[in-house]
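Peer 1:
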Amino acid sequence: MIETQSLSKTYGGGEYALRDLNLKVDKGEFAFLTGPSGAGKSTLLRLLLLEESPSEGEVIVGGRNLSHLKRDEIQAYRRTVGFVFQDFKLIQTKTIFENVSFVQRVLGRPVEEQRRSTYQVLKWVGLQHRLNALPRELSGGEQQRVAIARALVNEPHLVLADEPTGNLDPDLSLEIMNLFRDMNARGTTVLVATHDRELIKWVGRRVIQLDHGEMVGGPESRL
Amino acid sequence: MSVVGYSLEEAWVSLRRSGRSALVSIGTIAIAFVTLGGFLLVSVNVQGVLDQWLQAAEMSIYLHDTATAEDRLALEQFLRSQPMVAEVEYVSREQALEKFRADFPELRDITTGVGENPFPSAIEVRLRTENGGDAAADNLSKEVAGRPGVSDIRYDRRWLQRLVGAVTTARLAGALAAGILMLGAAFTVAAVVRLSLYARRDELEIMQLVGAPFSYIRGPFVVEGLLLGGIGATVALIVISILYSTLSRWLGSDLAGYGGIGQLRFLGITEFVMMLLGGVGVGAAAGTVASRAVR
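These protein sequence lines map, in sequence, to chains W and Y.
Remember, the numbering used here sits 4 above the position in the first sequence when you count from 1.
Remember, the numbering used here sits 1 above the position in the second sequence when you count from 1.
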């Protein structure tokens with residue numbers, strides 16, 4: 005599903021955020037991306053979401069090389085990927101329902117379909133009773149569940165998450181991880197960046213370890 | 002929902018949120034368009050007066066009191082034989098006095114106080130401008146001046162044309178001023194739209210990350226500019242209409258009377274639509290430029 009070939013990313017001073025990275029995440033797999041701060045986890049996710057472009061090498065997702073996409077193609081690609089952020093990134097002026105249905109709305113899906121799928125996905129994350137609440141009226145865990153619902157509403161084949169439990173207490177973190185496990189059980193490929201080793205142990209999936217922009221510990225390691 | 006419906010909805014919400022800055026922007030556009038509309042209005046009416054004046058008697062030949070009927074008839078005959086003369090009309094001293102009293106009733110007392118009729122008799126000549134123009138009229142004027150019975154000649158087309166030139170220059174200056182004001186208005190709209198962009202930067206970032214098409218990301222800002230421009234131009238048209246109706250109620254008959262145009266003229270439907278479209282266009286252009294900040 006995800007493949008990087010000799011992927012490097014350097015910033016202004018020539019310092020490597022990622023160096024010659026070759027990794028693979030198979031279709032339907034659940035993998036963790038871990039490492040200390042500055043290891044390159046977020047950089048890799050930003051490259052996968054095309055927020056940045058590689059300095060060298062290739063990024064291939066779903067068999068498609070992302071290096072040469074045009075602006076509109078980038079937006080179309082992003083609509084096929086679900087993304088969950090540490091700070092939730094919800095639109096504060098829109099209700100929970102609007103935040104989730106927004107993605108379908110801009111795709112021009114029929115209103116009835118928008119309502120049905122938004123309700124279903126919000127029910128799946130257990131927030132069907134908070135449809136008209138604003139994000140600030142929800143707890144951190146609830147806001148992250150909304151973000152997960154938004155990531156899933158388009159039924160993407162790939163979900164990327166950058167420290168999705170970084171702002172949550174351990175109980176809520178486990179709850180969120182269960183959601184990721186559930187979506188993976190339905191066939192969605194999941195790549196979660198986290199430095200929470202306890203959480204990784206608890207979930208028990210393959211771990212891609214990064215340090216100073218390089219992969220360490222081999223491609224098949226587990227904690 | 003279509004991108005247009007979505008943009009309209011979002012733009013309206015954003016306008017309501019921007020409050021005072023949106024009002025400033027609408028005000029600036031309105032001022033620019035009131036200026037433009039004012040110039041248009043004055044221009045339309047001044048042009049009407051000038052057209053009438055240009056069509057009115059162009060050469061007045063005043064006769065000596067001692068001029069005989071033969072002198073007058075010979076002169077009329079000579080004038081009628083000239084190819085550039087369209088019409089010849091004799092105005093006697095009595096007719097001139099009556100005309101003055103009718104045109105300026107408030108000055109009627111002066112004419113009675115003078116005693117004897119002070120007006121000379123005259124021959125009013127209307128010229129065909131296409132036959133030789135001003136040079137031919139000058140020649141005719143010189144030729145007539147030497148004929149018996151003629152005391153003075155007033156040929157007013159030249160100063161009228163100078164007046165037309167001055168009005169045209171004033172109109173250009175007005176258009177330039179309105180253009181500069183409109184540019185200022187466009188910058189104000191762009192600044193307001195930029196403020197909206199800034200206020201919604203988090204939302205825009207999220208929209209980009211979830212893959213919203215650019216038409217959905219930028220559309221609301223283009224429509225916001227368009228609405229600002231359209232509302233500004235509408236306000237301007239309402240202000241101009243009120244000003245016009247107030248002015249024409251207070252001064253209309255006097256102004257129209259002096260100008261000899263019967264009644265003041267308001268902007269036509271074409272000018273109305275052009276101004277409205279102008280406002281919408283300026284606003285949309287400013288919104289488009291501002292929305293380019295989203296990359």
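Think of the CB as a built atom: it goes at the ideal place given N, C-alpha and C, for glycine as much as any other residue.
1) Give every residue of the same chain whose Cβ lies closer than 7 Å to the Cβ of Glu167/W, excluding the five residues on either side of it in the sequence, and list them in chain order.
2) By the 10 Å Cβ neighbour count, where 16 or more other Cβ atoms means buried, how is Gln124/W classified, buried or exposed?
3) Leu214/W and Met5/W - do their beta-carbons sit closer together than 8 Å?
4) Taking Arg293/Y as the reference, give the member of Thr113/Y, Arg21/Y, Gly226/Y, Arg73/Y with the closest Cα.
5) State yes or no: is the C-beta of Leu198/Y nearer than 7 Å to some heavy atom of the ligand NAD?
6) Which of helix, strand or coil does DSSP assign to Tyr15/W?
7) With 8 Å as the C-beta to C-beta threshold (strictly closer), list the residues of the stretch 192-217 of chain Y near chain W in chain order.
8) So is Gln79/W in contact with chain Y if we call contact Cβ pairs under 8 Å?
9) Would you say the stretch 109-116 of chain Y touches the stretch 23-42 of chain Y, given that touching needs at least three Cβ pairs under 8 Å?
10) Would you check if the distance between the CB atom of Glu218/W and the CB atom of Arg83/W is smaller than 8 Å?
11) Who are the neighbours of Asp76/W on chain Y, taking C-beta pairs under 9 Å?
12) So is Phe34/Y buried or exposed if we call it buried at 16+ other beta carbons inside 10 Å?
13) Considering only DSSP beta bridges, list what Thr89/W is partnered with.
14) Could you tell me which of Leu228/Y, Leu16/Y, Asp52/Y sits nearest to Gly280/Y, measuring between CA atoms?
15) Count the other CB atoms, across all protein chains shown, that sit within 10 Å of the CB of Gln96/W; report buried if there are 16 or more and exposed otherwise.
16) First and last residue of the alpha helix (DSSP H) that includes Phe34/W?
17) At a CB-CB cut-off below 9 Å, which residues of chain Y make contact with Leu53/W?
18) Give me the Cβ distance between Met181/W and Val207/W, rounded to the nearest whole Å; I'm assuming they're in contact under 8 Å.
19) Between the stretch 93-109 of chain W and chain Y, which residues of the former have a C-beta closer than 9 Å to a C-beta of the latter?
20) Would you check if the stretch 23-40 of chain W and the stretch 67-82 of chain W touch, i.e. whether three or more CB-CB distances between them fall below 8 Å?
21) Quick one: what's got a C-beta closer than 6 Å to Val194/Y's C-beta in the same chain, skipping five residues either side?
22) If we require 4 or more residues per run, which alpha helix (DSSP H) segments fall completely within the stretch 130-183 of chain W?
23) Would you mind stating whether Leu94/W and Gln147/W have Cβ atoms separated by less than 8 Å?
24) Which residues in the same chain have their Cβ closer than 7 Å to the Cβ of Ala146/Y, if we skip the five residues on either side of it in sequence?
25) Given Gly220/Y, which residues of its chain have a CB within under 6 Å of its CB, disregarding the five upstream and five downstream residues?
26) Name the residue from Trp251/Y, Ala179/Y, Met208/Y whose alpha carbon lies nearest to the alpha carbon of Thr29/Y.
27) Kindly list the residues whose CB is nearer than 6 Å to the CB of Val240/Y, restricted to its own chain and excluding five residues on each side of it in sequence; keep chain order.
28) Mind pulling the chain Y residues with CB within less than 7 Å of Arg82/W?
29) According to DSSP, simplified to helix, strand and coil, what is Met60/Y?
30) Do you know how far the Cα of Arg266/Y is from the Cα of Ala58/Y?
31) For Phe36/W, would you say it is in contact with chain Y, using Cβ-to-Cβ distances shorter than 8 Å as the test?
32) How should Gly67/W be labelled, buried or exposed, when 16 other C-beta atoms within 10 angstroms of its C-beta is the threshold for buried?
33) For Phe87/W, which residues in chain Y fall below 7 Å Cβ to Cβ?
34) Pull up the CB-CB distance for Ala155/W and Val110/W, whole angstroms please, since I reckon it's below 8 Å.
Peer 2: Reading off the structure:
1) Closer than 7 Å at the Cβ level, and outside the excluded window around Glu167/W, lie Gln90, Ala197, Thr198.
2) Exposure of Gln124/W is indicated by the presence of fewer than 16 other C-beta atoms within 10 angstroms of its C-beta.
3) The answer is no: Cβ separation not under 8 Å.
4) Distances from the CA of Arg293/Y to each of Thr113/Y, Arg21/Y, Gly226/Y, Arg73/Y were compared; the closest alpha carbon is that of Gly226/Y.
5) As presented, the structure is devoid of all ligands, the ligand NAD included, so that no description of it is given.
6) Reduced to three states, the DSSP call for Tyr15/W is coil.
7) From the stretch 192-217 of chain Y, only Asp203, Glu204, Glu206, Ile207, Met208, Gln209, Leu210, Val211, Gly212, Ala213, Pro214, Phe215, Tyr217 have a Cβ closer than 8 Å to chain W.
8) When Cβ-Cβ separations below 8 Å define contact, Gln79/W makes contact with chain Y.
9) Touching, no.
10) Contact: no.
11) Those are Pro214, Phe215, listed as they occur along chain Y.
12) Flag for Phe34/Y reads buried.
13) Sequence inspection shows Phe at residue 89/W; the Thr mentioned does not correspond to that position. Paired residue(s): none; Phe89/W is not in a bridge.
14) Of the listed residues, the one whose Cα sits closest to Gly280/Y is Leu228/Y.
15) Gln96/W should be labelled exposed.
16) Phe34/W -> not in any alpha helix (DSSP H); beta strand (DSSP E) instead, spanning 34-38.
17) Taking a Cβ-Cβ cut-off of 9 Å, the neighbours of Leu53/W in chain Y comprise Leu210, given in sequence order.
18) At roughly 5 Å, the Cβ-Cβ gap stays under 8 Å, so Met181/W and Val207/W are in contact.
19) Within the stretch 93-109 of chain W, the qualifying residues are Lys93, Leu94, Ile95, Gln96, Thr97, Lys98, Asn103, Phe106, Val107, Arg109.
20) By the C-beta criterion, the stretch 67-82 of chain W is judged not to be in contact with the stretch 23-40 of chain W, since fewer than 3 inter-stretch pairs fall below 8 Å.
21) For Val194/Y, the CB contacts under 6 Å within the same chain, skipping 5 residues up- and downstream, are Phe222, Glu225, Gly226, Gly288, Ala291 in chain order.
22) Listed in chain order, the complete alpha helix (DSSP H) runs (minimum 4 residues) inside the stretch 130-183 of chain W are 144-156.
23) Result yes, Cβ atoms of Leu94/W and Gln147/W sit closer than 8 Å.
24) So the list reads Ile154, once near-sequence residues are dropped.
25) The residues are Val4, Ser8.
26) For Thr29/Y, the closest alpha carbon among the candidates Trp251/Y, Ala179/Y, Met208/Y is that of Ala179/Y.
27) Answer for Val240/Y: Val35, listed in chain order.
28) Within 7 Å Cβ-Cβ: Leu210, Val211, Gly212.
29) Note: Met60/Y maps to strand in three-state DSSP.
30) Here Ala58/Y scores only 49 on pLDDT, less than 50, and its place in the model should not be relied on; the value that follows carries that caveat. Spanning the two alpha carbons is a distance of roughly 23 Å.
31) Not an interface residue.
32) When all chains shown are included, Gly67/W counts as exposed.
33) Those within 7 Å of Phe87/W in chain Y are Leu210.
34) Contact flag wrong, Cβ pair sits at about 15 Å.
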